[in-house]
Amino acid sequence: MRTWRSGPPALAAAAVLLAAACTPGEPPERPEGSPTPLPTDFEGEVPPGVGGEPLRHLHGPGADAPDILGDELGVRIDSLGEAFLISSNSEEWHLLMDPETGEALWQGRRRIERFSVAGDGSEVLVLTGDRGRTSVVDDTGRTVWRGTQGREEFVGGTVVRRPLRWSPGDPYGEYTVLDTEGRELWDYTFEPPPEGGDGGGEGADAEDPDAEGSGDPDSGGEDPGEDDPDRLGVPVAARDGVLLLDDGAGLLQARGLGAGDEGGGDGAGDLLWYVDGQHPDLAGAAPGQRPRPQVVGGFDLPADAEGDGGTESPEPTATGDPATGEPTGEDTDASASPAPGSGPSGSADPSASDGGSARPTVLVRWSLPEDPSVLSLHDLRTGEILWSLPEPGANPAADPYAPAPLGGALYDDSTRTLLLPQASGATPLIAVDLAAGEIRWEFEDDAERAITPAFALGGYVYGDSSAADDPTTAQVVLEAETKDVAAEGLDAYVEAATAGGYSIVVSGRQRFVFPPAGPPGAPTGTGG
């Protein structure tokens, strides 16, 4: 879940002045020492990644902006995919604004529960209202789902109806998976482990009699006695017709959603693959306590991305052990067709242009309470392990069944760089090259540790530094690939950026909307 950022210092300090400046009528003669009028023209250096001339300003004379921007306590601005998300500081009031036209796409007064993703990876808002009823809004302002009961959870474009009195400590019972129109896709029973079991034993799958024994018993884990392909679990992520389930005992499995071409033609509930954290092809795999999986997010990468096993072919790994658990053993080259993009905008991956193709993948973090966690990138359709990588610190999941994407992760699609906070260890943050499966850089000294990354914009990471002497110049801009400082101490503050590269820049107590730098459509933001 992303956290709200406070507004830029210059605007937070001048909220009342902004409201007064927006009052129509002939202004009286300005007394000596009174505030200067709000600028309507941008002056100064354009920050890195910001393009062209401003499209418009949002305050004062000539501004054509939503009423929410006149809030007496100011507003905070974030992004949701291709739109700007504007939220009041004085009440529960939110608005989505089209960055190019300034049109209000949606507004409401329900509490934002979390940011999530749709089935194509595009960002959505999950909102809660009276009696805990949930609704989901996408970045066009369209309501994609309205919940009618508290048992239903929105998971990656699907709806999961959990058992009565569900809790993380007792997740067993009857589950129903539906689409957002309420049509039932699959129902099943998640059985508790046998008496004295560790949760990794036999499961029940009354709806899928063909699943038992249909995969290579060694393909999903080290011990076929522990990794039963019939084991079910709690849905934690969905993408492109694939549903991921966590059994609570270290096993992650993928099931089809019966989504036609997007789902590869699989029936709802069909077992696609499974894996656990003791798979011999995972970095640091060792006997002992089994690590718990947590889905970081879904990403589309070039089909020929380098890394351990990162090839176009879904053939078995070099060890001769299929890393997939594909039940049929037939050709599984379903990822050859371009899929919706991994950035919040859901646009096609750039690698798919000029005849190329993109490979849908899922990134999983395997964690134990005290040992360093391990990252593994898998082909979404086959489960093939493309690479695995130990992290510097231990990162146990605070909420083991929380739906993906992982809160705090930040992705720059143009450089394939994912920023991951570390809960412990020598560094608070690492930057991972998703294509190569390598750590690009990490925060080291006190000055770097004081930086809180906020968003990515065209190959740059924007963050605020708590070590700055002057809060109005606290923004730091880093190159996503190298961590080199691209700019600091700017006289303009980039407040937010959309997936397509539109940005809001604060200068002289005024907000300016800028277009993307270069051709639009290079999405950045959280993985989904």
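Residue numbers (mature numbering (1 follows the signal peptide of the UniProt record, and there is no 0)): -21 to -1, 1 to 507.
Backbone N, C-alpha and C fix where the C-beta goes; we use that ideal spot for every residue, glycine too.
Rounded C-alpha distance that separates residue i from residue j
{"i": "Pro323", "j": "Gly276", "result": "Confidence at Pro323 is low in this model, with a pLDDT of 33, below 50, so its placement is unreliable and the value that follows should be read with caution. Approximately 11 Å, taken between the alpha carbons."}
{"i": "Ile418", "j": "Asp412", "result": "6 Å"}
{"i": "Val215", "j": "Val96", "result": "12 Å"}
{"i": "Ala465", "j": "Val455", "result": "8 Å"}
{"i": "Gly120", "j": "Gly126", "result": "17 Å"}
{"i": "Leu84", "j": "Asp43", "result": "15 Å"}
{"i": "His38", "j": "Gly220", "result": "44 Å"}
{"i": "Glu79", "j": "Leu359", "result": "34 Å"}
{"i": "Arg162", "j": "Leu34", "result": "43 Å"}
{"i": "Ala373", "j": "Ser346", "result": "7 Å"}
{"i": "Val213", "j": "Leu365", "result": "25 Å"}
{"i": "Tyr441", "j": "Asp391", "result": "11 Å"}
{"i": "Gly31", "j": "Arg490", "result": "15 Å"}
{"i": "residue 508", "j": "Arg55", "result": "Examination of residue 508 is not possible in this model, given that the chain is present from -21 through 507 alone."}
{"i": "Leu356", "j": "Pro407", "result": "22 Å"}
{"i": "Thr340", "j": "Leu397", "result": "14 Å"}
{"i": "Thr159", "j": "Ile483", "result": "33 Å"}
{"i": "Phe21", "j": "Asp57", "result": "21 Å"}
{"i": "Gly136", "j": "Gln86", "result": "21 Å"}
{"i": "Arg338", "j": "Glu363", "result": "11 Å"}
{"i": "Ala381", "j": "Ser146", "result": "12 Å"}
{"i": "Pro494", "j": "Gly108", "result": "34 Å"}
{"i": "Asp255", "j": "Gln268", "result": "11 Å"}
{"i": "Trp420", "j": "Gly263", "result": "20 Å"}
{"i": "Val116", "j": "Ile65", "result": "14 Å"}
Other residues of its chain near residue i: CB distance less than 8 Å, five sequence neighbours each side excluded
{"i": "Glu370", "result": "Arg344, Pro351, Ser352, Val353, Leu354, Leu399, Gln401, Gly404 and Ile409"}
{"i": "Leu469", "result": "Glu24, Pro26, Thr452, Gln454 and Val456"}
{"i": "Arg88", "result": "Glu70, Glu71, Trp72 and His73"}
Cβ distance (whole Å) where residue i is taken to contact residue j below 8 Å
{"i": "Gly437", "j": "Ser393", "result": "6 Å"}
{"i": "Val134", "j": "Ala217", "result": "5 Å"}
{"i": "Phe278", "j": "Leu223", "result": "About 14 Å; that fails the 8 Å criterion."}
{"i": "Ser367", "j": "Leu261", "result": "5 Å"}
{"i": "Asp443", "j": "Ala459", "result": "That pair is no contact at about 17 Å."}
{"i": "Pro171", "j": "Tyr151", "result": "4 Å"}
{"i": "residue 508", "j": "Ala376", "result": "There is simply no residue 508 to check, as the chain begins at -21 and stops at 507 in what is shown."}
{"i": "Arg488", "j": "Leu157", "result": "Not a contact, Cβ separation roughly 49 Å."}
{"i": "Arg428", "j": "Phe434", "result": "Wrong, their Cβ atoms sit about 19 Å apart, outside the cutoff."}
{"i": "Ser101", "j": "Asp77", "result": "Between Asp77 and Ser101 the Cβ distance is about 15 Å, and since that is not below 8 Å, they are no contact."}
{"i": "Trp165", "j": "Gly248", "result": "4 Å"}
{"i": "Arg271", "j": "Pro379", "result": "6 Å"}
{"i": "Thr19", "j": "Pro40", "result": "6 Å"}
For residue i, the three-state DSSP class (helix, strand or coil)
{"i": "Leu408", "result": "strand"}
{"i": "Ala426", "result": "helix"}
{"i": "Arg35", "result": "strand"}
{"i": "Asp109", "result": "helix"}
{"i": "Leu48", "result": "helix"}
{"i": "Ser403", "result": "coil"}
{"i": "Pro281", "result": "strand"}
{"i": "Phe21", "result": "coil"}
{"i": "Leu413", "result": "coil"}
{"i": "Leu347", "result": "coil"}
{"i": "Trp145", "result": "coil"}
{"i": "Arg130", "result": "coil"}
{"i": "Ser273", "result": "For clarity, residue 273 is Gln in the given sequence; the question names Ser instead. Strand at Gln273."}
{"i": "Ala247", "result": "coil"}
{"i": "Gln232", "result": "strand"}
{"i": "His258", "result": "coil"}
{"i": "residue 510", "result": "Limits of the chain in this structure are -21 at one end and 507 at the other, which puts residue 510 out of reach."}
{"i": "Tyr380", "result": "coil"}
{"i": "Thr394", "result": "coil"}
{"i": "Gly152", "result": "strand"}
{"i": "Ala217", "result": "strand"}
{"i": "Arg140", "result": "strand"}
{"i": "Asp57", "result": "strand"}
{"i": "Arg162", "result": "coil"}
{"i": "Trp420", "result": "strand"}
{"i": "Arg488", "result": "coil"}
{"i": "Ala373", "result": "coil"}
Proximal residues to residue i (C-beta, below 6 Å), its chain only, five neighbours per side dropped
{"i": "Glu131", "result": "Val138 and Arg140"}
{"i": "Gly111", "result": "Gly129"}
{"i": "Ser114", "result": "Leu106, Thr122 and Arg125"}
{"i": "Thr431", "result": "Gly442 and Asp443"}
{"i": "Ser445", "result": "Ala429"}
{"i": "Thr298", "result": "With a pLDDT of only 30 at Thr298, under the threshold of 50, the placement of this residue in the model should not be trusted, and no figure is reported."}
Residues near residue i by beta carbon distance below 7 Å, same chain, minus five either side
{"i": "Gly28", "result": "Leu436, Gly437, Gly438, Tyr439 and Ala496"}
{"i": "Gly246", "result": "Gly235 and Gly237"}
{"i": "Ile91", "result": "His73, Leu104 and Leu106"}
{"i": "Ala426", "result": "Ala446"}
**Asked** Just checking, does the region 70 to 77 make contact with the region 34 to 50 on the three C-beta pairs under 8 Å criterion?
**Response** yes
**Prompt:** Would the region 60 to 68 and the region 473 to 484 be scored as touching if the rule is three or more Cβ pairs under 8 Å?
**Reply:** yes
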